[in-house]
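Sequences listed follow chains P and B, in order. Residue numbers for the first sequence follow numbering that gives the first Met the number 0, beginning at 0 and rising by one. Residue numbers for the second sequence follow numbering that gives the first Met the number 0, beginning at 0 and rising by one. Everything below concerns the one structure shown next.
Protein chains: 2
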Amino acid sequence: MLIVQKYGGTSVGDLERIQNVANRVVKSADAGHQVVVVVSAMSGETNKLLGYAEHYSKEPARAEVDMLLSSGERVTSALLSIALNEMGYKARSMSGRRAGIVTDASHTKARIENIDPEPMRKALAAGNIVVVAGFQGVNEEGEVTTLGRGGSDLSAVAIAGALEADLCEIYTDVDGIYTTDPRIEPKAKKMEKISYDEMLELASLGAKVLQNRSVEMAKKLNVNLVTRSSFSDAEGTLITKEENIMEQPVVSGIALDRNQARISLSGVIDRPGIASDIFGKLAENNINIDMIIQTLGHDGKTDMDFTVPQNELNAAKRIVDTFKNDNEIEDASVDEDICKVSIVGVGMKSHTGVAAKAFATMAKENINIMMISTSEIKISMVIEEKYAELAVRSLHSAYKLDQ
Amino acid sequence: MLIVQKYGGTSVGDLERIQNVANRVVKSADAGHQVVVVVSAMSGETNKLLGYAEHYSKEPARAEVDMLLSSGERVTSALLSIALNEMGYKARSMSGRRAGIVTDASHTKARIENIDPEPMRKALAAGNIVVVAGFQGVNEEGEVTTLGRGGSDLSAVAIAGALEADLCEIYTDVDGIYTTDPRIEPKAKKMEKISYDEMLELASLGAKVLQNRSVEMAKKLNVNLVTRSSFSDAEGTLITKEENIMEQPVVSGIALDRNQARISLSGVIDRPGIASDIFGKLAENNINIDMIIQTLGHDGKTDMDFTVPQNELNAAKRIVDTFKNDNEIEDASVDEDICKVSIVGVGMKSHTGVAAKAFATMAKENINIMMISTSEIKISMVIEEKYAELAVRSLHSAYKLDQ
């Protein structure tokens with residue numbers, strides 16, 4: 000097999016941990032696999048360098064930040080290669096450039112545009128373990144760029160796609176994706192497999208493990224992604240296409256998002272285009288609206304409720320207040336004590352009664368559902384935040400995820 | 000003017016010092032000059048990274064060492080650019096690769112083969128201060144290489160040559176080249192100008208400031224080299240071609256080399272080829288012979304004395320002992336308590352009596368001259384080490400260097 004393995008900052012956090020990574024890599028090589036390793040900077044290194052830059056400037060030029068930060072991954076890749084050499088294995092470090100990673104021109108948040116896999120293929124064919132500095136590439140001008148948060152994961156997935164690797168293993172300090180947050184429901188089970196789409200909907204469960212950007216890219220490039228722990232031998236969770244999952248459970252997991260706030264507008268003048276005006280203005284200001292419900296009001300007026308991320312609440316409130324000042328809204332109130340519970344599963348497509356069971360479970364626990372939204376594979380409910388854990392545990396049990 | 004300025008590890012040793020460098024660079028820019036800055040890694044950084052590598056391996060692969068070490072200069076170049084930007088100046092960092100520096104393939108001690116000055120010229124033409132990561136280039140394969148000790152100086156000189164810069168300023172913690180070591184002779188004067196050839200012969204005076212490799216390259220590329228301090232505003236010493244120095248003193252400086260030892264062979268069988276055998280064997284073992292004298296012996300035997308660097312003495316002794324064991328030499332003795340005093344000056348070419356004055360000065364102080372060697376612009380004498388300071392001071396005064 001050809002395996003791409005990615006090790007994050009904590010996994011290469013010090014010299015001993017880099018040795019641990021070398022030991023793991025060697026196991027895969029000994030098992031007869033070709034291995035490309037993608038590494039992050041040693042943990043703390045990137046922040047140290049950013050701190051240096053901020054010593055001089057609050058807003059350092061982004062091209063310079065890229066030059067600065069890209070050095071961290073280069074160091075790790077060289078050290079890991081040296082450790083592998085010393086264990087008797089042929090290994091070669093490659094910068095993003097050497098690995099053929101070409102990005103667009105947006106410094107500090109570049110998007111990978113193309114990978115020329117030839118240099119990696121050649122090094123693999125010559126019997127090398129290839130160690131690539133993650134998080135970086137070069138733009139068409141040949142300047143170093145970095146990929147932003149989660150960038151090393153993106154490097155790994157893109158490389159796996161370009162090399163048509165059999166597997167892309169993302170090593171972190173978490174051993175996989177669980178049916179729900181184990182800190183809330185200790186009976187949560189690690190999933191063996193999950194589809195890309197479910198993973199995307201379950202973002203809040205996997206956010207610390209995998210960013211949506213990486214999952215989206217894996218889906219697009221058809222890369223079999225495994226998240227597993229670099230500190231244990233436990234099998235991780237395979238994120239793959241739906242067809243690869245034989246026995247699809249109806250519900251795969253329960254996600255909880257506490258980072259939501261609700262804005263309730265009452266007495267909204269019911270003129271054509273008013274919704275478009277309000278939400279257009281919010282969109283212009285880069286505020287992410289999640290759920291929206293509109294209820295019929297009275298006297299030619301309606302009520303509207305919508306949710307926004309908590310850190311965008313103040314900005315959103317200021318915008319709706321301008322409509323209040325223009326007398327197009329009677330009142331705008333906010334509620335931060337809410338949360339969003341979601342039930343995710345591709346099996347929903349072919350099974351009925353999934354939503355009904357969710358509502359019944361909430362009713363049984365006397366939890367009031369404030370808002371509901373559904374997609375093909377997800378049901379989300381906004382409830383009072385104090386019921387968050389109770390809701391998650393009840394749903395986890397109702398859908399028999401603990402079995 | 001187009002000026003290349005190089006700042007070494009101590010000059011960029013911490014964030015405040017990098018700010019000082021920025022202040023200096025800006026002065027040159029404000030004076031209307033185009034400036035290319037070449038920077039080293041922050042002091043201690045290279046050793047830290049080497050220490051990391053040695054954690055894994057006593058002999059890490061040299062290509063990996065280059066990948067590792069080249070990150071240090073990249074960090075400094077980005078930080079300096081950010082500092083310059085913040086002061087309101089356009090600046091762009093460039094890795095060795097971006098600056099067009101192509102080297103041969105010898106990792107960790109590569110030689111610069113070619114520089115494509117176009118990217119630097121373009122950035123300068125666009126009004127930028129160009130900040131180049133020193134000590135590094137790329138080989139024809141596109142792999143990062145480093146230039147070995149004094150590598151950033153070489154980068155600066157080569158860049159000055161490629162850009163046909165008016166001046167290449169090497170900033171260190173020393174403010175120039177002195178007529179002799181001021182710790183020995185406090186009356187030593189800083190030279191205003193010195194020729195390349197004199198500088199090469201005076202290596203021991205400038206060794207901590209400039210390596211011969213850089214001076215040789217400056218000579219070859221006809222680069223006006225200035226060494227000066229980054230911690231003061233004092234003018235430095237200009238190292239340039241002989242024709243640029245109008246009033247050439249007969250003697251420019253007195254150099255002292257304490258790192259010499261003498262091996263005396265007595266009763267060497269006087270057969271054809273014996274010298275070639277002995278010195279051939281020493282050369283094979285990379286032992287650097289400096290001075291040799293052969294004196295007529297008796298009974299068909301001769302005596303030979305030669306000097307070697309002290310750290311090569313033991314190896315040299317082992318080799319001559321094999322000749323003793325073969326009965327080709329009667330005895331081999333070593334003397335570490337010697338030193339070499341040299342008088343250097345291009346004016347010697349056209350003045351007579353320079354050597355006679357040296358010998359007379361030694362005689363007046365009752366210093367016995369054990370060996371003598373001369374070149375067109377240098378007279379070297381081996382004397383007992385205890386007379387080192389006395390000899391330097393007497394000669395310094397005899398040639399009126401303190402005036």
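Ideal placement from N, C-alpha and C gives every residue a C-beta, glycine not left out. Values in this document were obtained by computation on a predicted structure and should not be read as measured data.
Using a 10 Å radius around the Cβ and a threshold of 16 neighbouring Cβ atoms, would you call residue 185/B buried or exposed?
In the second sequence, residue 185/B corresponds to position 186, counting from 1. With fewer than 16 other Cβ atoms within 10 Å, it is exposed.
Using a Cβ-Cβ cut-off of less than 8 Å, give me the residues of the stretch 106–139 of chain P that come near chain B, in sequence order.
If the cut-off is 8 Å between Cβ atoms, the stretch 106–139 of chain P has nothing near chain B.
Below 9 Å on C-beta distance, what does residue 73/P contact in chain B?
The sequence position of residue 73/P within the first sequence is 74, counting from 1. Result: 66, 67, 69, 70, 73 and 143.
Have a look at 93/B, 62/B and 6/B and flag the residue whose alpha-carbon is nearest the alpha-carbon of residue 140/B.
Your numbering for residue 140/B matches position 141 in the second sequence. Taking only the C-alpha atoms, the option nearest residue 140/B is 62/B.
Look up residue 227/B in the DSSP assignment and say whether it is helix, strand or coil.
In the second sequence, the residue the question calls residue 227/B occupies position 228. Here residue 227/B sits in strand by DSSP.
Would you say residue 82/P faces chain B, with C-beta separation under 7 Å as the test?
Numbered from its first residue, the first sequence carries residue 82/P at position 83. Yes - at least one Cβ of chain B is within 7 Å of the one on residue 82/P.
Return the chain-ordered list of same chain residues with a C-beta closer than 8 Å to the C-beta of residue 127/B, the five sequence neighbours on each side being excluded.
Position 128 of the second sequence, counted from the start, is the residue given in the question as residue 127/B. Excluding residues up to 5 positions away in sequence, 89, 90 and 91 lie with their Cβ nearer than 8 Å to the Cβ of residue 127/B in the same chain.
Mind listing, in chain order, the continuous beta strand (DSSP E) runs of no fewer than 3 residues lying wholly within the stretch 182–270 of chain B?
Taken in chain order, the unbroken stretches of beta strand (DSSP E) that lie wholly in the stretch 182–270 of chain B and span 3 residues or more are 192–194, 224–228, 236–239, 252–256 and 259–268.
For the alpha helix (DSSP H) containing residue 118/P, name the first residue and the last one.
Residue numbering aside, residue 118/P sits at position 119 when the first sequence is read from its first letter. Where residue 118/P is concerned, the enclosing alpha helix (DSSP H) stretches over 117–124.
Contact check, residue 60/B vs residue 81/P under 8 Å by CB: the rounded distance?
What you label residue 60/B is simply residue 61 of the second sequence in a count that begins at 1. What you label residue 81/P is simply residue 82 of the first sequence in a count that begins at 1. Their Cβ separation, rounded to whole angstroms, is 7 Å, which keeps residue 60/B and residue 81/P in contact under 8 Å.
Buried or exposed for residue 245/B, going by 16 or more other Cβ atoms inside 10 Å?
One-based indexing of the second sequence puts residue 245/B at position 246. So residue 245/B ends up on the exposed side.
Residue from 42/B, 349/B and 23/B with nearest C-alpha to residue 36/B
If you number the second sequence from 1, residue 36/B lands on position 37. For the residues 42/B, 349/B and 23/B, the minimum Cα distance to residue 36/B belongs to 23/B.
Assuming contact is defined by CB atoms lying nearer than 7 Å, are residue 208/P and residue 260/P in contact in what I supplied?
For this step, residue 208/P is matched to residue 209 along the first sequence. For this step, residue 260/P is matched to residue 261 along the first sequence. Not closer than 7 Å, so no.
Can you grab the Cα-Cα spacing for the pair residue 160/B / residue 115/B, in whole Å?
Numbered from 1 along the second sequence, position 161 holds the residue referred to as residue 160/B. Numbered from 1 along the second sequence, position 116 holds the residue referred to as residue 115/B. So the alpha carbons of these two residues sit roughly 11 Å apart.
Taking the alpha-carbon positions, what's the residue 78/P to residue 55/B distance?
Here residue 78/P is taken as the residue at index 79 of the first sequence, counted from 1. Here residue 55/B is taken as the residue at index 56 of the second sequence, counted from 1. A direct Cα-Cα distance of roughly 8 Å separates residue 78/P from residue 55/B.
Name the residues in the stretch 51–66 of chain B whose C-beta lies less than 7 Å from a C-beta of chain P; which are they?
The residues in question are 51, 52, 54, 55, 56, 59, 60, 63 and 66.
Specify whether the stretch 100–115 of chain B and the stretch 167–177 of chain B touch according to this definition: at least 3 beta carbon pairs, one from each stretch, less than 8 Å apart.
Output reads no: the stretch 167–177 of chain B does not touch the stretch 100–115 of chain B.
Just to confirm before moving on: does the CB-CB distance between residue 2/B and residue 11/B stay below 7 Å?
Against the second sequence, residue 2/B aligns to sequence position 3. Against the second sequence, residue 11/B aligns to sequence position 12. With a cutoff of 7 Å on beta-carbon distance, residue 2/B and residue 11/B are scored as not near each other.
On a CA-only basis, which of 328/P, 333/P and 296/P is nearest residue 314/P? Give me that one, please.
The count along the first sequence starts at 1 and reaches residue 314/P at position 315. For the options 328/P, 333/P and 296/P, the alpha carbon positioned closest to that of residue 314/P is the one of 333/P.
Go to residue 370/B, then tell me how far its alpha helix (DSSP H) extends in each direction, as first and last residue.
Taking the first residue of the second sequence as 1, we reach residue 370/B at position 371. DSSP places residue 370/B outside any alpha helix (DSSP H); the residue lies instead in the beta strand (DSSP E), whose first and last residues are 370–374.
Short check: CB of residue 183/B to CB of residue 340/B, under 7 Å?
If you number the second sequence from 1, residue 183/B lands on position 184. If you number the second sequence from 1, residue 340/B lands on position 341. No.
Taking the beta strand (DSSP E) that residue 406/B belongs to, which residues open and close that run?
Because chain B here runs from 0 to 402, residue 406/B falls outside it and cannot be looked at.
What are the residues that DSSP puts in a beta bridge with residue 153/B?
As a first step, residue 153/B is located in the second sequence; it is residue number 154 there, counting from the start. Residue pairing from DSSP leaves residue 153/B without any beta-bridge partner.
So with CB distances below 8 Å, who are the chain P contacts of residue 48/B?
Walking along the second sequence from the start, residue 48/B turns up at place 49. Near residue 48/B (Cβ distances below 8 Å), the residues of chain P are 74.
With DSSP as the reference, label residue 174/P as helix, strand or coil.
The count along the first sequence starts at 1 and reaches residue 174/P at position 175. Assignment of residue 174/P by DSSP, reduced to helix, strand and coil, places it in the coil class.
Kindly say whether residue 92/P, judged by its beta-carbon, lies nearer than 7 Å to any beta-carbon of chain B.
Along the first sequence, one-based indexing puts residue 92/P at 93. Using a Cβ-Cβ cut-off of 7 Å, residue 92/P counts as an interface residue toward chain B, since at least one Cβ of chain B sits closer than that to its own.
Would you say residue 77/P lies against chain B (beta-carbon separation less than 7 Å)?
In the first sequence, residue 77/P corresponds to position 78, counting from 1. Yes - at least one Cβ of chain B is within 7 Å of the one on residue 77/P.
So is residue 44/P in contact with chain B if we call contact Cβ pairs under 7 Å?
On the first sequence, position 45 is the one that residue 44/P refers to. Residue-level contact by beta carbon fails for residue 44/P and chain B, as no gap is shorter than 7 Å.
Are the stretch 110–124 of chain B and the stretch 66–76 of chain B touching by the rule of at least three beta carbon pairs closer than 8 Å?
By the Cβ criterion, the stretch 110–124 of chain B is not in contact with the stretch 66–76 of chain B, since fewer than three pairs of Cβ atoms, one from each stretch, lie closer than 8 Å.
Cβ of residue 146/B less than 7 Å from any chain P Cβ?
In the second sequence, residue 146/B corresponds to position 147, counting from 1. Output row for residue 146/B: interface = no.
Is residue 175/P near residue 154/P, with beta carbons less than 7 Å apart?
As a first step, residue 175/P is located in the first sequence; it is residue number 176 there, counting from the start. As a first step, residue 154/P is located in the first sequence; it is residue number 155 there, counting from the start. Contact: no.
Endpoints, alpha helix (DSSP H) assigned at residue 345/P
Looking up residue 345/P in the first sequence gives position 346. No alpha helix (DSSP H) contains residue 345/P, which DSSP labels as neither H nor E.
Among the candidates 287/B, 4/B and 399/B, whose CA atom is the shortest distance from the CA of residue 32/B?
By one-based count along the second sequence, residue 32/B stands at place 33. Per the Cα distances, 4/B.
Report, in whole angstroms, the separation of the C-beta atoms of residue 378/B and residue 357/B, which I expect to be a contact under 8 Å.
If you number the second sequence from 1, residue 378/B lands on position 379. If you number the second sequence from 1, residue 357/B lands on position 358. Contact check for residue 378/B and residue 357/B: beta-carbon distance about 6 Å, within the 8 Å limit, so the pair qualifies.
Given a limit of 7 Å on CB to CB distance, which residues of the stretch 147–171 of chain P reach chain B?
Those residues of the stretch 147–171 of chain P that come within reach of chain B (Cβ to Cβ, closer than 7 Å) do not exist; the list is empty.
What does residue 97/B reach in chain P if we use C-beta pairs closer than 8 Å?
Counting from one through the second sequence, the residue named residue 97/B turns up at place 98. Chain P residues near residue 97/B: 141 and 142.
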